[in-house]
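**Student:** Okay, here's the structure, questions in a sec.
2 protein chains.
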Amino acid sequence: MIGKLIARIKETGAPIVVGLDPQLKFIPEKIKEAAFSECGETLEGAAEAFRLFNRGIIDAVADLVPAVKPQIAMYEQYGLPGLAAFKDTVDYSRQKGLLVIGDIKRGDIGSTSSSYAEAHLGRVQIGASVAVPFGEDFATVNPYLGTDGVKPFIDVCRAEDKGIFVLVKTSNPSSGEFQDRVCDGRPLYELVGEKVREWGELAMDDCGWSDVGAVVGATYPEMGKKLRSVMPKNYILVPGYGAQGGRGKDLKHFFDADGLGAIVNSSRGIIAAWQNEAYAAYGQDGYADAARAAVLAMREDIAEALAS
Amino acid sequence: MIGKLIARIKETGAPIVVGLDPQLKFIPEKIKEAAFSECGETLEGAAEAFRLFNRGIIDAVADLVPAVKPQIAMYEQYGLPGLAAFKDTVDYSRQKGLLVIGDIKRGDIGSTSSSYAEAHLGRVQIGASVAVPFGEDFATVNPYLGTDGVKPFIDVCRAEDKGIFVLVKTSNPSSGEFQDRVCDGRPLYELVGEKVREWGELAMDDCGWSDVGAVVGATYPEMGKKLRSVMPKNYILVPGYGAQGGRGKDLKHFFDADGLGAIVNSSRGIIAAWQNEAYAAYGQDGYADAARAAVLAMREDIAEALAS
Numbered sequence: 001m002i003g004k005l006i007a008r009i010k011e012t013g014a015p016i017v018v019g020l021d022p023q024l025k026f027i028p029e030k031i032k033e034a035a036f037s038e039c040g041e042t043l044e045g046a047a048e049a050f051r052l053f054n055r056g057i058i059d060a061v062a063d064l065v066p067a068v069k070p071q072i073a074m075y076e077q078y079g080l081p082g083l084a085a086f087k088d089t090v091d092y093s094r095q096k097g098l099l100v101i102g103d104i105k106r107g108d109i110g111s112t113s114s115s116y117a118e119a120h121l122g123r124v125q126i127g128a129s130v131a132v133p134f135g136e137d138f139a140t141v142n143p144y145l146g147t148d149g150v151k152p153f154i155d156v157c158r159a160e161d162k163g164i165f166v167l168v169k170t171s172n173p174s175s176g177e178f179q180d181r182v183c184d185g186r187p188l189y190e191l192v193g194e195k196v197r198e199w200g201e202l203a204m205d206d207c208g209w210s211d212v213g214a215v216v217g218a219t220y221p222e223m224g225k226k227l228r229s230v231m232p233k234n235y236i237l238v239p240g241y242g243a244q245g246g247r248g249k250d251l252k253h254f255f256d257a258d259g260l261g262a263i264v265n266s267s268r269g270i271i272a273a274w275q276n277e278a279y280a281a282y283g284q285d286g287y288a289d290a291a292r293a294a295v296l297a298m299r300e301d302i303a304e305a306l307a308s
Numbered sequence: 001m002i003g004k005l006i007a008r009i010k011e012t013g014a015p016i017v018v019g020l021d022p023q024l025k026f027i028p029e030k031i032k033e034a035a036f037s038e039c040g041e042t043l044e045g046a047a048e049a050f051r052l053f054n055r056g057i058i059d060a061v062a063d064l065v066p067a068v069k070p071q072i073a074m075y076e077q078y079g080l081p082g083l084a085a086f087k088d089t090v091d092y093s094r095q096k097g098l099l100v101i102g103d104i105k106r107g108d109i110g111s112t113s114s115s116y117a118e119a120h121l122g123r124v125q126i127g128a129s130v131a132v133p134f135g136e137d138f139a140t141v142n143p144y145l146g147t148d149g150v151k152p153f154i155d156v157c158r159a160e161d162k163g164i165f166v167l168v169k170t171s172n173p174s175s176g177e178f179q180d181r182v183c184d185g186r187p188l189y190e191l192v193g194e195k196v197r198e199w200g201e202l203a204m205d206d207c208g209w210s211d212v213g214a215v216v217g218a219t220y221p222e223m224g225k226k227l228r229s230v231m232p233k234n235y236i237l238v239p240g241y242g243a244q245g246g247r248g249k250d251l252k253h254f255f256d257a258d259g260l261g262a263i264v265n266s267s268r269g270i271i272a273a274w275q276n277e278a279y280a281a282y283g284q285d286g287y288a289d290a291a292r293a294a295v296l297a298m299r300e301d302i303a304e305a306l307a308s
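As you go down the protein sequences, you meet chains A and B in turn.
Okay, so the first sequence: first residue is 1 according to the working numbering, each after it adds one.
Okay, so the second sequence: first residue is 1 according to the working numbering, each after it adds one.
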């Protein structure tokens, strides 16, 4: 699966993921009015607003980027209808030729982790039938429970040609509380990075990269540099660009000498670009075009950083 | 919220949670046949089998235990219909007077963690309306992202009188890979336990215990003893009893001198008791009665351990 992602990164020249993390406050009034007039001010109404909003963004960026990353929490917040909008977003993105990274940060043990893996990356057997519950291409995974929690995901990746990104060093201010603790002379995130390398050897893709990648925040560029060398065959999914403070020039060391090895996420900076002063001219009717313009600017910012 | 749980533990004499973690292989053929004949061998059929199976268990144990703990992964595995069965199980359990611990192990950052917290413990605002997405009483939370990930849950606990249990030392064999790493002279799980104590001070219940508890596996009794002292006001949710190998006598030190401070989960040992040789006489028609008998045996095992 990572080979497919890399092929599309090369085609588009954009090592970029658009984070589809909708919030009602990011959605133009007209879309909300349409959704609420159809479904009421209900969970269904919020979900319908997400669905319509996302489809506009997906249509506007599908030719520019290899992948989208819906954050399931934003949908789960609106209960079952919200999760139906998540599923619609996954399906519609794939129809439009995008790969889908489910940002689910799941992690449990044994049969429970297997259940999450099958839910998001695999298939389930029901009597004599088989069904695909959610059908993403990649998922993010929390490592706190160790190999028991991650291995079931790797098994599904191997069986279904899918991929995962394991949280190593997250982008948030308090990520250091546990992740930076020094254990046996080295920070915990490095030990987790080493495990990612080890787990990654179980799922090497023909392209030479592993289907097991890592999440390392743009907000910690020095740690990214170190982790790039700890995990030489593991792709890094980089959140924290834009709204969280990461910039193109912080990202250079997440990539290898060929400009591969990382893919950078931006959520709010793209999907809510129309609310940003720089893109205000697009107005609410142009929210999707504003998102497209923000992707183009981000592509340029990253290309400049990699060329420097 | 923890005060309500403690009151029910005292009423029932059972510091026990029934883990509602259905798998199709645990469900009597008759129930599966009824569900599949109504909905086909589909995600809907699997979900209907879960719904029927759980209602039987809930009816059989509701007067014996204070709480149930549905593991959301088992439902998520069957997609949107599966999650509808999760919601049905939450609602039906609450109708029967049980508290519900959503075993969701969520954890993310900032607005994303807030979304999970509102999804499971809170309410969401949609225009002028308010809706309850899932409506559990407690949720389990992963600490790997630090305070940024946990604080949004605590905020919702305070606003809505709900509770959480933060993963500290999990019951699985590989939990030590990261959790036992020695940082500054002490294992990581102890440092997480200290944070739980600190976070817990933000959400003290009138009863003197905190609405922020911890998860510590029955399979690590010595660590449980240590963590009991590190977190003197934080309830411990103890998985790993029964099928995972924990026994009543391992649990004594999870409790304080008054027999409070811990609540022990059993899932498979109760809900699949009818498949266990000891309860074989109940047969598939008696699966719910077998679950009831298994709860009574577990209550006795724990009472003996606490009395010794």
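By construction, the Cβ of each residue, glycine as well, lies at the ideal position given by its N, Cα and C atoms.
Among the residues of its own chain, which have a CB less than 7 Å from the CB of G286 (chain B), if the five just before and after it don't count?
**Tutor:** The residue labelled residue 286 (chain B) in the question sits at position 286 within the second sequence. For G286 (chain B), where only same-chain residues beyond five positions count, the Cβ hits under 7 Å are W274.
**Student:** Taking beta-carbon pairs under 7 Å, can you tell me which members of the segment 33–47 of chain A lie near chain B?
**Tutor:** If the cut-off is 7 Å between Cβ atoms, the segment 33–47 of chain A has F36, E41, T42, L43, G45 and A46 near chain B.
**Student:** Run through chain B and tell me which residues come within less than 7 Å of T170 (chain A), C-beta to C-beta.
**Tutor:** Your numbering for residue 170 (chain A) matches position 170 in the first sequence. Per Cβ cutoff of 7 Å: I109 and L145.
**Student:** Say whether chain A places a C-beta atom closer than 8 Å to the C-beta of F254 (chain B).
**Tutor:** One-based indexing of the second sequence puts residue 254 (chain B) at position 254. Answer no: the Cβ-Cβ gap between F254 (chain B) and chain A never drops below 8 Å.
**Student:** Would a C-beta distance cut-off of 8 Å place V141 (chain B) and V150 (chain B) closer than the cut-off?
**Tutor:** Here residue 141 (chain B) is taken as the residue at index 141 of the second sequence, counted from 1. Here residue 150 (chain B) is taken as the residue at index 150 of the second sequence, counted from 1. Cβ distance < 8 Å, so V141 (chain B) and V150 (chain B) count as in contact.
**Student:** Interface residues of chain A around M74 (chain B) at Cβ under 9 Å?
**Tutor:** As a first step, residue 74 (chain B) must be located in the second sequence, where it is residue number 74. Under the 9 Å cutoff, chain A gives S111, T112 and S115.
**Student:** What are the residues that DSSP puts in a beta bridge with T140 (chain B)?
**Tutor:** For this step, residue 140 (chain B) is matched to residue 140 along the second sequence. B:F165, per the DSSP bridge assignment.
**Student:** Thinking just about the alpha-carbon of each residue, which of B:R181, B:G283 and B:E190 is nearest to the one in V168 (chain B)?
**Tutor:** The residue you call residue 168 (chain B) lines up with position 168 of the second sequence. The option with the nearest alpha carbon to V168 (chain B) is B:E190.
**Student:** Give the residues of chain B in contact with D148 (chain A), contact being defined as C-beta atoms less than 7 Å apart.
**Tutor:** Position 148 of the first sequence, counted from the start, is the residue given in the question as residue 148 (chain A). The answer, in chain order, is N172, P173 and S174.
**Student:** Residues of chain A with CB under 7 Å from Y78 (chain B), in chain order?
**Tutor:** Start at 1 with the first residue of the second sequence, and residue 78 (chain B) comes out as number 78. Neighbours of Y78 (chain B) on chain A, chain order: V124 and P133.
**Student:** Put A273 (chain A) into one of helix, strand or coil per three-state DSSP.
**Tutor:** Translated into the one-based positions of the first sequence, residue 273 (chain A) becomes position 273. In the structure shown, A273 (chain A) sits in a helix (DSSP, three-state: H, G or I).
**Student:** Our contact map puts A117 (chain A) next to F86 (chain A) with C-beta atoms below 8 Å; I'd like the distance itself, whole angstroms only.
**Tutor:** Numbered from its first residue, the first sequence carries residue 117 (chain A) at position 117. Numbered from its first residue, the first sequence carries residue 86 (chain A) at position 86. Not confirmed; about 17 Å, so no contact.
**Student:** Could you check the C-alpha separation between S113 (chain B) and M74 (chain A) for me, to the nearest Å?
**Tutor:** On the second sequence, position 113 is the one that residue 113 (chain B) refers to. On the first sequence, position 74 is the one that residue 74 (chain A) refers to. About 9 Å.
**Student:** Does the pairing of the segment 189–204 of chain B with the segment 246–258 of chain B give three or more beta-carbon distances under 8 Å?
**Tutor:** At 8 Å Cβ cutoff, the stretches do not touch.
**Student:** Check whether the Cβ of S129 (chain A) lies closer than 8 Å to any Cβ atom in chain B.
**Tutor:** If you number the first sequence from 1, residue 129 (chain A) lands on position 129. S129 (chain A) counts as touching chain B.
**Student:** Leaving aside the five residues before and after G122 (chain A) along the sequence, list all residues of the same chain whose C-beta is less than 6 Å from its C-beta, in chain order.
**Tutor:** What you label residue 122 (chain A) is simply residue 122 of the first sequence in a count that begins at 1. Here the set comprises V156 and E160.
**Student:** Let's see if you can read the secondary structure: which residues bound the alpha helix (DSSP H) around Y92 (chain A)?
**Tutor:** Your numbering for residue 92 (chain A) matches position 92 in the first sequence. Looking at the DSSP string, the run of the alpha helix (DSSP H) that includes Y92 (chain A) is G79 to Q95.
**Student:** For a cutoff of 8 Å on Cβ pairs, would you count N234 (chain B) as touching chain A?
**Tutor:** Locating residue 234 (chain B) in the second sequence gives position 234, where the first residue counts as 1. Chain A, which has no Cβ nearer than 8 Å to the Cβ of N234 (chain B), makes this no.
**Student:** Give, in chain order, every residue of the segment 19–32 of chain B whose Cβ lies closer than 9 Å to some Cβ of chain A.
**Tutor:** Residues passing the 9 Å Cβ filter: D21, Q23, L24 and K32.
**Student:** Which of the three DSSP states is assigned to D108 (chain B) in this structure?
**Tutor:** Start at 1 with the first residue of the second sequence, and residue 108 (chain B) comes out as number 108. If DSSP states are grouped into helix, strand and coil, D108 (chain B) belongs with coil.
**Student:** First and last residue of the alpha helix (DSSP H) that includes D155 (chain A)?
**Tutor:** To locate residue 155 (chain A), count along the first sequence from 1; it is residue 155. Element bounds for D155 (chain A): T147 to E160.
**Student:** Within its chain, find whatever has a CB closer than 6 Å to the CB of P28 (chain B); leave out the 5 residues flanking it on each side and keep chain order.
**Tutor:** In the second sequence, counting from the first residue as 1, residue 28 (chain B) sits at position 28. Once the five neighbours on either side are set aside, the close Cβ partners of P28 (chain B) are Q284 and Y287.
**Student:** On the three-state DSSP scale, how would you describe L284 (chain B)?
**Tutor:** The residue given as residue 284 (chain B) occupies position 284 in the second sequence. The sequence given here has Gln at residue 284 (chain B), not Leu. Looking at Q284 (chain B) - three-state DSSP - the assignment turns out to be coil, as it is neither helix nor strand.
**Student:** Using CA atoms only, rank isn't needed, just tell me which of A:Y241, A:G261 and A:R94 is closest to A67 (chain A).
**Tutor:** Sequence index remark: in the first sequence, residue 67 (chain A) carries index 67 (1-based). It is A:R94 whose Cα lies nearest to the Cα of A67 (chain A).
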